[in-house]
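Asker: These protein sequence lines are chains X and D, in that order.
In terms of our numbering, the first sequence has 319 at position 325, counting the first letter as 1, and numbering is strictly consecutive.
In terms of our numbering, the second sequence has 34 at position 40, counting the first letter as 1, and numbering is strictly consecutive.
First the structure, then my questions, so here it is.
Number of protein chains: 2
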Amino acid sequence: MGRAPTGRPTSFDIAYLAGVSQPTVSRALRGDKSVSEATRERIQRIARDINYTVDKNASSLRSQRTHTIALLFFEDGTDENLINPFFLAMLGSITRACANHGLDLLISFQRMEDDWHMRYQDAKRADGLILLGYGDYALYSARIEQLVEQGTHFARWGSIRSDRSGATVGSDNLGAGRTAGEHLLACGRRNIAFLGHADEHYPEFAHRYDGLCDALRDAGIAPDPALQFDALTHEDAGYRAASALIASGTPFDAIFAASDLIAIGAMRALAGAGRTIPGDVAVVGFDNIPAASLTTPPLTTIQQDLAGAGECLVETVLAQIEGRDPPERHLPTRLIVRGSSAPA
Amino acid sequence: MGRAPTGRPTSFDIAYLAGVSQPTVSRALRGDKSVSEATRERIQRIARDINYTVDKNASSLRSQRTHTIALLFFEDGTDENLINPFFLAMLGSITRACANHGLDLLISFQRMEDDWHMRYQDAKRADGLILLGYGDYALYSARIEQLVEQGTHFARWGSIRSDRSGATVGSDNLGAGRTAGEHLLACGRRNIAFLGHADEHYPEFAHRYDGLCDALRDAGIAPDPALQFDALTHEDAGYRAASALIASGTPFDAIFAASDLIAIGAMRALAGAGRTIPGDVAVVGFDNIPAASLTTPPLTTIQQDLAGAGECLVETVLAQIEGRDPPERHLPTRLIVRGSSAPA
DNA sequence: CGGCTTCCGGCAACCGGTTGCAAAAATGTT
DNA sequence: AACATTTTTGCAACCGGTTGCCGGAAGCCG
């Protein structure tokens, strides 16, 4: 039955050693129930003995399943070398989730211009995609539509309410914004500024702002558009936005920043302008990046459920692949109170 | 010549449309010079028109080249969810280097116990491996030997002088340690403590310590073993090591921490003990993680050439794969002076 | 004990490119 | 114009598992 083992072991070698046909080896190693317990164990033992590993390429080629998903990051392209720390934390979570599901993880950073929408699924590199990116959704929404059209399995991290096409997994930004607002109100603040884009191009930020506004209205305060300043998620953007806020002369006693990096930049601007934290201005950030606990004072912030996020993204993609029902894609957040916002 | 296009496009479809044989298509798309310019262009145009992508599995299966490398992280397993920020920065650099070389990058976090030494190369998932891990090298040196024996292409990040088997890429830790020492000496410090393991199980840290000792000796100071305290690279470890140092009663006016995380933990301990920085104690860290500039005072540290590191690791693996000469595997470092160490 | 279902395992086709070798075409030589 | 050379292209085998289908063996039943 075939030739004797030679070179790197293949399933044929095992078949030879076990005295069975090669397809039987394939079935046995995958735990196919149409192989008797006895032969399966025999085959598995031999496989272990000769250090056999299934060739992933051959397997994927025939079965059209790679058991791999691709994680595509993309940023606005401004910062070449720095990676947003929040993404990195997310990466850890996704990696672990993949490992738990026995999936390999392919990683790539993308520039907007690339033809990433076909590089992975089409080349059969991956069974599904996870898309991760802050920045202006409008810039790549066209590609996302394309993914949907061609039936690509994917999930993206974003704001749950912008779930028009494709499966979006995200934190409850609206609720988080409300929580932040209520916290600051409870601290006795009334004039709460928001640093971060609030238009539809940046739905995550916008929903955080919406939540803040909801909280304000509930407290009988009309949100003041003069207290909202655009900022992308960079420290410098936070610095500039806070400087603009200060320069505007509009009185304020609190800042809700759309991200910790923005908050950190804002704190720098406040310190430069002689405003004390939290005395003159309470500050709340978003993300709870590692650096948030190291600022002076430590930054109050909102923590997203990162462990849950990775698992949820992976599970969402898997569900599409296997035709199961997708999980709840709505993740809770938690307020972490630190020194930058004084308790009432 | 064959059947008409149907379903997802294959090279056969293109062959049909171009009126050539399928192997010619394969050759043309890879730029094989044995295809005439005219036909190649015709084929490439058709491929673009019908959105064709080479099936990576089929290609890899036959050619035995995946154009993929696997990046294996491993940590001591203590911290489940936090990833060392230094690694994350490295990841960014490696990702970019892979992209530049047209390689895919497979990522995995490993626990020591796993059979990672065969999961990738053997399964033909990747052409080569990059190993990244702080921690006790003794724990996995056996597996590394195994990799060498079976001819696996790999490079690991580590200390250049421990390059006994396999290609090790790393910073010039010895030189960096000397630089740190000389800087502290120039600041007028004489009793410089080192926080970090200094034994052969942690060669990177040990070489940093050795460099410090060299600098001390050059200045006519005998290194005092009582000023060296073990610490792995976690904030808590730094806190504990610094606490032990303070409790030991040995006088000291400077700390050189083997990593920024250790330094940050140490600064916390110093603050808790009422020692001022840099007044009583100057502190120098290592890595220049983002948080380093946010501490109070900002942390003087040593920056490794991360961009170069990723490129060098990738290039080293590629060189092995393609039988070229490996690049220089010795990377320079740079001292970043901040507030935690007072100028002389 | 013949007939029927169930369980196991084999046969052969197949996934979609890549590659060694040889034939055909184009170009050069004398 | 006949022959040597060099380019282009095709043929067929191959990479190493996976899968649909079928047949033999074993188990079940009246």
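C-beta: ideal position from N, C-alpha, C; glycine also.
Bear in mind the structure is a predicted one, so any value in this text is a computation, not a measurement.
Please confirm whether serine 334 of chain D has its beta-carbon closer than 7 Å to some beta-carbon of chain X.
Answerer: Chain X contact via Cβ: absent.
Asker: If you draw a straight line from the alpha carbon of arginine 183 of chain D to that of threonine 89 of chain D, how long is it in whole angstroms?
Answerer: Their Cα atoms are separated by approximately 40 Å.
Asker: Using 8 Å as the Cβ pair cut-off and three pairs as the minimum, do the region 324 to 337 of chain D and the region 211 to 219 of chain D touch?
Answerer: Output reads no: the region 211 to 219 of chain D does not touch the region 324 to 337 of chain D.
Asker: Name the chain D residues that come within less than 7 Å of asparagine 185 of chain X, Cβ to Cβ?
Answerer: Here the premise fails: no neighbours, minimum Cβ distance about 27 Å.
Asker: Report the option in X/Phe67, X/Phe81, X/Ser20 whose CA atom is closest to the CA atom of glutamine 298 of chain X.
Answerer: That would be X/Phe81, whose Cα lies nearest to the Cα of glutamine 298 of chain X.
Asker: Kindly indicate the opening and closing residues of the beta strand (DSSP E) around leucine 55 of chain X.
Answerer: Element bounds for leucine 55 of chain X: not the beta strand (DSSP E) but the alpha helix (DSSP H), 50 to 57.
Asker: Quick one: Cα of arginine -3 of chain D to Cα of alanine 12 of chain X, how far?
Answerer: Residue confidence is low: arginine -3 of chain D scores 49 on pLDDT, short of 50, so the model does not pin down where it sits. Its coordinate-derived value is still stated next. Each residue's Cα considered, the two are about 41 Å apart.
Asker: Should leucine 100 of chain D be flagged as near chain X, meaning a C-beta pair shorter than 7 Å?
Answerer: Interface residue, yes.
Asker: Tell whether a beta-carbon distance below 7 Å holds between aspartate 116 of chain X and threonine 47 of chain D.
Answerer: Yes; because the gap between Cβ atoms is below 7 Å, this pair is in contact.
Asker: Run through DSSP, which three-state label would serine 165 of chain X get?
Answerer: Here serine 165 of chain X sits in strand by DSSP.
Asker: Which same chain residues, not among the five before or five after methionine 84 of chain D, have their C-beta less than 8 Å away from its C-beta?
Answerer: Hits under 8 Å: Leu126, Trp151, Leu300, Ala303, Gly304.
Asker: Is it a yes or a no for the region 316 to 325 of chain D touching the region 275 to 293 of chain D, going by three-plus beta-carbon pairs under 8 Å?
Answerer: At 8 Å Cβ cutoff, the stretches do not touch.
Asker: Assuming threonine 294 of chain X and isoleucine 330 of chain X make a contact with CB atoms under 8 Å, what is their CB distance in whole Å?
Answerer: Contact holds; Cβ gap of about 7 Å.
Asker: Answer yes or no: does any C-beta atom of chain D fall closer than 7 Å to that of proline 291 of chain X?
Answerer: So no, proline 291 of chain X is outside the interface.
Asker: Measuring CA to CA, which of X/His201, X/Thr62, X/Gln222, X/Leu312 is closest to asparagine 185 of chain X?
Answerer: Here the closest residue by C-alpha is X/Gln222.
Asker: Checking contacts by CB at 7 Å: is serine 20 of chain D closer than that to chain X?
Answerer: No, its Cβ sits nowhere closer than 7 Å to a Cβ of chain X.
Asker: Closer than 9 Å between beta carbons: that is the criterion. Which residues of the region 37 to 64 of chain X meet it against chain D?
Answerer: From the region 37 to 64 of chain X, only Asn45, Tyr46, Thr47, Val48, Asp49, Lys50, Asn51, Ala52, Ser53, Ser54, Leu55, Arg56, Gln58, Thr60, Thr62, Ala64 have a Cβ closer than 9 Å to chain D.
Asker: How many whole angstroms separate the CB atoms of leucine 312 of chain D and aspartate 166 of chain D, which I take to be in contact at a CB cut-off of 8 Å?
Answerer: Incorrect: roughly 23 Å between the Cβ atoms, too far for contact.
Asker: Just to confirm, is the Cβ distance from phenylalanine 280 of chain D to isoleucine 258 of chain D under 7 Å?
Answerer: No. Outside cutoff.
Asker: For the region 46 to 61 of chain D against the region 243 to 252 of chain D, do three or more pairs of beta-carbon atoms, one drawn from each stretch, fall closer than 8 Å, so that the two count as touching?
Answerer: With the cut-off at 8 Å, the region 46 to 61 of chain D and the region 243 to 252 of chain D do not touch.
Asker: If we count the other Cβ atoms within 10 Å of its Cβ and call it buried at 16 or more, is aspartate 145 of chain D buried or exposed?
Answerer: The question names aspartate, yet the displayed sequence has glycine at residue 145 of chain D. Exposed, since its Cβ has fewer than 16 Cβ neighbours within 10 Å.
Asker: Give me, in chain order, the residues of the same chain whose beta-carbon lies closer than 7 Å to that of histidine 201 of chain X; leave out the 5 immediate sequence neighbours on both sides.
Answerer: Counting only Cβ-Cβ distances below 7 Å, and skipping sequence neighbours, we find Ser153, Arg155, Asn167, Leu168, Gly171.
Asker: What residue range does the beta strand (DSSP E) around alanine 276 of chain X cover?
Answerer: Residues 276 to 278.
Asker: What does a CB cutoff of less than 8 Å around glutamate 229 of chain D pick up in its chain, not counting 5 residues either side in sequence?
Answerer: Excluding positions up to five away in sequence, the list reads Leu255, Ile256, Ile258, Gly259, Arg262.
Asker: Along the chain, where does the beta strand (DSSP E) containing arginine 24 of chain D start, and where does it finish?
Answerer: Unbroken run through arginine 24 of chain D is the alpha helix (DSSP H), 16 to 24; no beta strand (DSSP E).
Asker: For aspartate 26 of chain X, count neighbouring Cβ atoms within 10 angstroms of its own Cβ and tell me buried if that reaches 16, exposed if not.
Answerer: By the 10 Å Cβ count, aspartate 26 of chain X comes out exposed.
Asker: Within its chain, find whatever has a CB closer than 8 Å to the CB of asparagine 282 of chain X; leave out the 5 residues flanking it on each side and keep chain order.
Answerer: So the qualifying residues of the chain are Asp254, Thr295, Ile296, Gln297, Gln298, Ile330.
Asker: Under the rule that 16 or more other beta-carbon atoms within 10 Å means buried, what is alanine 216 of chain D, buried or exposed?
Answerer: The residue is exposed, with fewer than 16 neighbouring Cβ atoms inside 10 Å.
Asker: Given a threshold of 16 other Cβ atoms within 10 Å of its Cβ, counted over all protein chains shown, does threonine 162 of chain D qualify as buried or as exposed?
Answerer: Classification of threonine 162 of chain D: buried, given that the 10 Å Cβ count is 16 or more.
Asker: Give a yes or no on whether the C-beta atoms belonging to serine 28 of chain D and glutamine 16 of chain D are separated by under 7 Å.
Answerer: No; because the gap between Cβ atoms is not below 7 Å, this pair is not in contact.
Asker: Counting only Cβ pairs nearer than 7 Å, list the residues of chain X close to aspartate 116 of chain D.
Answerer: Going along chain X in sequence order, the residues near aspartate 116 of chain D (Cβ under 7 Å) are Thr47.
Asker: Which term fits aspartate 193 of chain D, buried or exposed, when burial requires 16 or more other beta carbons within 10 angstroms of its beta carbon?
Answerer: Classification of aspartate 193 of chain D: exposed, given that the 10 Å Cβ count is below 16.
Asker: Any C-beta of chain X sitting closer than 7 Å to the C-beta of methionine -5 of chain D?
Answerer: Caution is warranted here: a pLDDT of 45 is assigned to methionine -5 of chain D, below 50, making its placement in the model unreliable, and the coordinate value is therefore given only provisionally. So no, methionine -5 of chain D is outside the interface.
Asker: So, does the CB of leucine 329 of chain D fall closer than 7 Å to a CB anywhere in chain X?
Answerer: False, the Cβ-Cβ gap to chain X never drops below 7 Å.
Asker: Over what stretch of residues does the alpha helix (DSSP H) that includes arginine 262 of chain X continue unbroken?
Answerer: Run containing arginine 262 of chain X: 254 to 266, per the alpha helix (DSSP H) assignment.
Asker: Does the beta carbon of alanine 285 of chain D sit closer than 7 Å to a beta carbon anywhere in chain X?
Answerer: For alanine 285 of chain D, the answer is yes, since a Cβ of chain X falls inside 7 Å of its Cβ.
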